[in-house]
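Structure first, commentary second.
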Amino acid sequence: MSERWVPLDVTDVDANPFAQFRRWFDEAAGLILEREAVTLATATSDGAPSARMVLLRHHDETSFGWYTNYESRKGQELEANPRAAILWYCEPLGRQIRVEGKVEKMTSAESDAYFATRARGSQLGAHASHQSQPLASRAILEDRVKALDLEFQGRDVPRPDDWGGYRLTPRRFEFWQHRVDRLHDRVIYLPAGSSWRVERQSP
Ligand SMILES: Cc1cc2nc3c(=O)[nH]c(=O)nc-3n(C[C@H](O)[C@H](O)[C@H](O)COP(=O)(O)O)c2cc1C
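Numbering of the sequence shown is given in this note's numbering, commencing with residue 71 and proceeding in unit increments.
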């Protein structure tokens, strides 16, 4: 049977799931517009889930990172229940990656360093927006930005105290490859001591 999808077997993947993530992420370059866009799922302490998109700004050999408002809904859920799931999808390659694990805040120095790289408009927006709080009108938000622009005129915009990064340290990965007739390939990584074991699961 010929098909355009690249099969995925447990013998094809890198023994290191972070390297496998990098491989698929790299292979998606130029194929999707917002390659860093992932769904981030969090939950309240009693298990009510919520999900939204964020931009995956870091991924290395130990963790995955994004930036947001610490007082937002996701921030409050992570405060109460510091676990999350990330979902990445690449339609042209028929690939989905799921990553689950524990979440902690980045250090102030790490958040400062990233905030400093942002455009001034985004920096002012981070100050102006009390993310996930009710807002009576858009005009209020825009007026806040104007006032902050004056306040910080001629100097760098400091990082707001309630804005910064989170890092997720994974305990589980799944690499899913679309195949014909719904016979998709699924390769799961689970912790095994200080390393990982790989298993195939039914599609
Ligand atoms: C493609 C995309 C990327 C986004 N990236 C971020 C992000 O990196 N950080 C962020 O706080 N919100 C981001 N958002 C907005 C969130 O989806 C969400 O509206 C916001 O964070 C508030 O979510 P919450 O109320 O669940 O905390 C993004 C939205 C989209 C559609």
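Heads up, the beta-carbon is just placed ideally off N, CA and C, and yes, glycines get one too.
Proximity test, residue i beta-carbon vs ligand 1 heavy atom, cut-off 8 Å
| i | result |
| --- | --- |
| TYR137 | yes |
| LEU12 | Lying before the first or after the last residue shown, residue 12 is absent from the chain, which here runs from 71 to 273. |
| GLN223 | no |
| GLU127 | In the sequence as presented, Glu is not what sits at residue 127; that position holds Arg. Indeed, a heavy atom of ligand 1 lies less than 8 Å from the Cβ. |
| ALA107 | yes |
| GLU104 | yes |
| SER120 | yes |
| SER142 | yes |
| SER202 | yes |
| GLY191 | no |
| GLY234 | no |
| GLY145 | yes |
Bridge partner(s) assigned by DSSP for residue i
| i | result |
| --- | --- |
| PHE95 | None; PHE95 has no bridge partner. |
| MET123 | THR109 |
| ASN86 | BP columns for ASN86 are empty, so no partner. |
| PHE243 | VAL169, TYR259 |
| ILE156 | LEU110, VAL169 |
| TYR236 | TRP136, LYS175 |
| ARG188 | According to DSSP, which records beta bridges pairwise, ARG188 is partnered with nothing at all. |
| VAL268 | TYR259 |
| HIS197 | According to DSSP, HIS197 bridges with nothing at all. |
Residue burial classification, residue i (beta-carbon count within 10 angstroms, cutoff 16)
| i | result |
| --- | --- |
| SER133 | buried |
| THR81 | exposed |
| MET176 | buried |
| SER181 | buried |
| THR112 | buried |
| ALA196 | buried |
| LEU99 | Inspection of the sequence shows that residue 99 is occupied by Ala rather than by Leu. Classification of ALA99: exposed, given that the 10 Å Cβ count is below 16. |
Rounded distance between the beta-carbons of residue j and residue i, thought under 8 Å
| i | j | result |
| --- | --- | --- |
| TRP266 | ILE167 | That belief does not hold up - the Cβ atoms of TRP266 and ILE167 are roughly 15 Å apart, past 8 Å. |
| TYR184 | TYR137 | 6 Å |
| LEU157 | THR114 | Not really, about 19 Å apart at Cβ, beyond 8 Å. |
| PHE245 | GLN90 | 6 Å |
| LEU78 | VAL257 | 6 Å |
| LEU205 | GLU97 | Incorrect: roughly 40 Å between the Cβ atoms, too far for contact. |
| PRO87 | PHE243 | 4 Å |
| GLU141 | GLN201 | 7 Å |
Residue j beta carbon less than 9 Å from that of residue i
| i | j | result |
| --- | --- | --- |
| LEU126 | ALA150 | no |
| VAL169 | LEU253 | no |
| LEU220 | VAL227 | no |
| ARG190 | GLU73 | no |
Residue i CB to nearest heavy atom of ligand 2 below 8 Å
| i | result |
| --- | --- |
| MET123 | Annotation note on ligand 2: not contained in the displayed structure, which lists ligand 1 as its ligands. |
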